[in-house]
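S.K.: Residue numbers (my numbering), protein chains in the order written: chain B, 1 to 295; chain C, 1001 to 1121. Note that beta-carbon positions come from the ideal geometry of N, C-alpha and C, so glycine has one too.
Set out below in structure tokens:
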């Protein structure tokens, strides 16, 4: 792969998915894209890049983007966000939504489904508390292939042993050969849809809770700000945003503010001044803005 | 330092488990069957037990039932680690007092996740 091939892939991935590849990710690119090149009958990544540049390359481009997006996911990943969901978010919404008895949750980077199904399990564990309530979990991901797996609700023995307590395993899953499938009633709680966070997502409607964990880390500063500000527009004013452990809104946007003593949890900032966002943008180094974001 | 008793009739599995658990700052003692493990527990109760199911002399299930009947035997956290990977075996293990269950093959990530789940790390 020549430097110009790598540069082409970097730009294409940034434009299509927001994924930022630093200069030292040649190995990652080769390990993920060489199998695609070989399936295409191409000897190397230079051949693949040449094919991607052709006018009829859209299906191949989608395949390349999907191969490069990270799909690592675990049940109850990091544990704390789900404790906060059970102990803080849902009790707060039970009070705030008592009249409508409806809660809408969005998992913005659902990958193979572990996160939305974990939320479904948390809700199911609350039992009678939510009786009569209508709770929608919308789970989206850019990668249609992982969404298919997510929809099936089928996980390997290895996957169900990472984070999922064995009590939950035997309560909510059944064995299908050597695999484990989550119960139909749990699958019915989650609606999976393909969605690119760089595109418009206003059609999803408004949400009381948004889980957007471990995806912003792959975006540059400018894209993070844009995505967070658009998430703000679909989040109810008394709703919640959960980010990954290595992610924050601080220094990016004033649309959300951290919840005290609840790491990774944010609420819409009601006191936000309309001017404040442009202030944050102004604080970004000029060179970074000129380059189109943090590299 | 917490003590973990590794009970498995395979010396290879005991070696792999030892390497993983020592990396998690456990002091390891080993037994090759339930009978030997029970003798060790009568001498000193460990904090954790990683327990195989199928072993000669006394299997893991019988050992667990005997352990839970011992004075203080409700204290160690017991994590089964076995090729018996069906719901019926898991349910039996939990009913007998197991705290968690690992289906072989396993790796460090799974052991860590399960030990974290039961509050051992």
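#1: Report the residue ranges of all alpha helix (DSSP H) runs contained in full by the segment 154–210 of chain B; include only those spanning at least 4 residues, in chain order.
#2: Interface residues of chain B around residue 1110 (chain C) at Cβ under 9 angstroms?
#3: Just to confirm my understanding: we take residue 1103 (chain C), look at its own chain, exclude 5 residues before and 5 after, and list those with CB closer than 6 angstroms. What are they?
#4: Please name the residue, chosen from B:126, B:242, B:182, B:161, that lies closest to residue 149 (chain B) on a Cα-to-Cα basis.
#5: Which of the three DSSP states is assigned to residue 1110 (chain C) in this structure?
#6: List the residues of chain C that residue 170 (chain B) touches, going by C-beta distances under 8 angstroms, in chain order.
#7: Beta-carbon within less than 8 angstroms of residue 33 (chain B)'s beta-carbon, same chain only, minus the 5 sequence neighbours each way: which residues are those?
#8: Pick out the complete beta strand (DSSP E) segments inside the segment 112–162 of chain B, 3 residues or longer, and give them in chain order.
#9: Let me confirm a value: residue 273 (chain B) is counted as buried when at least 16 other C-beta atoms fall within 10 Å, else exposed. Which label applies?
#10: Specify the secondary structure class of residue 257 (chain B) as computed by DSSP and reduced to three states.
#11: Would you please state the rounded distance, in angstroms, between the beta carbons of residue 103 (chain B) and residue 232 (chain B)? I believe it to be under 8 angstroms.
#12: Measuring CB atoms only, is the segment 1001–1014 of chain C touching the segment 1028–1039 of chain C, in the sense that at least three cross pairs come out at less than 8 angstroms?
#13: Return the CA-CA distance between residue 30 (chain B) and residue 22 (chain B), expressed in angstroms with no decimal places.
#14: Measuring CA to CA, which of B:168, B:211, B:171, B:250 is closest to residue 140 (chain B)?
#15: Taking the alpha-carbon of residue 1037 (chain C) as reference, which of C:1020, C:1025, C:1057 has the nearest alpha-carbon?
#16: Can you tell me whether residue 1077 (chain C) is helix, strand or coil according to DSSP?
#17: Report yes or no: do three or more beta-carbon pairs, one from the segment 158–173 of chain B and one from the segment 130–138 of chain B, lie closer than 8 angstroms?
M.R.: Let's see:
#1: As far as the segment 154–210 of chain B is concerned, its whole alpha helix (DSSP H) runs of at least 4 residues are 157–160, 166–172, 184–187.
#2: The answer, in chain order, is 158, 161, 162.
#3: Counting only Cβ-Cβ distances below 6 angstroms, and skipping sequence neighbours, we find 1085.
#4: For the residues B:126, B:242, B:182, B:161, the minimum Cα distance to residue 149 (chain B) belongs to B:182.
#5: Of the three classes helix, strand and coil, the one that applies to residue 1110 (chain C) here is helix, per DSSP.
#6: For the C-beta of residue 170 (chain B), the chain C residues within less than 8 angstroms are, from N- to C-terminus, 1087, 1090, 1091, 1094.
#7: The beta carbon of residue 33 (chain B) sits closer than 8 angstroms to the beta carbons of 9, 45, 48, 64, 67, 68 from its chain, once the five residues preceding and following it are set aside; these are given in chain order.
#8: If we require 3 residues or more, the beta strand (DSSP E) runs fully inside the segment 112–162 of chain B come out as 134–141.
#9: Any reading at residue 273 (chain B) needs caution, since the residue's pLDDT is 49, under 50, leaving its predicted position unreliable; the model's value is listed next. The residue is exposed, with fewer than 16 neighbouring Cβ atoms inside 10 Å.
#10: The three-state secondary structure of residue 257 (chain B), taken from DSSP, is strand.
#11: Residue 103 (chain B) to residue 232 (chain B), Cβ: 18 angstroms. No contact.
#12: Taking 8 angstroms as the limit for Cβ pairs, the verdict is that the segment 1028–1039 of chain C does touch the segment 1001–1014 of chain C.
#13: The straight-line gap separating the alpha-carbon atoms of residue 30 (chain B) and residue 22 (chain B) is approximately 14 angstroms.
#14: For the residues B:168, B:211, B:171, B:250, the minimum Cα distance to residue 140 (chain B) belongs to B:211.
#15: Nearest of C:1020, C:1025, C:1057 to residue 1037 (chain C), Cα basis: C:1057.
#16: Here DSSP, grouped into helix, strand and coil, assigns residue 1077 (chain C) to strand.
#17: Verdict: no, contact absent.
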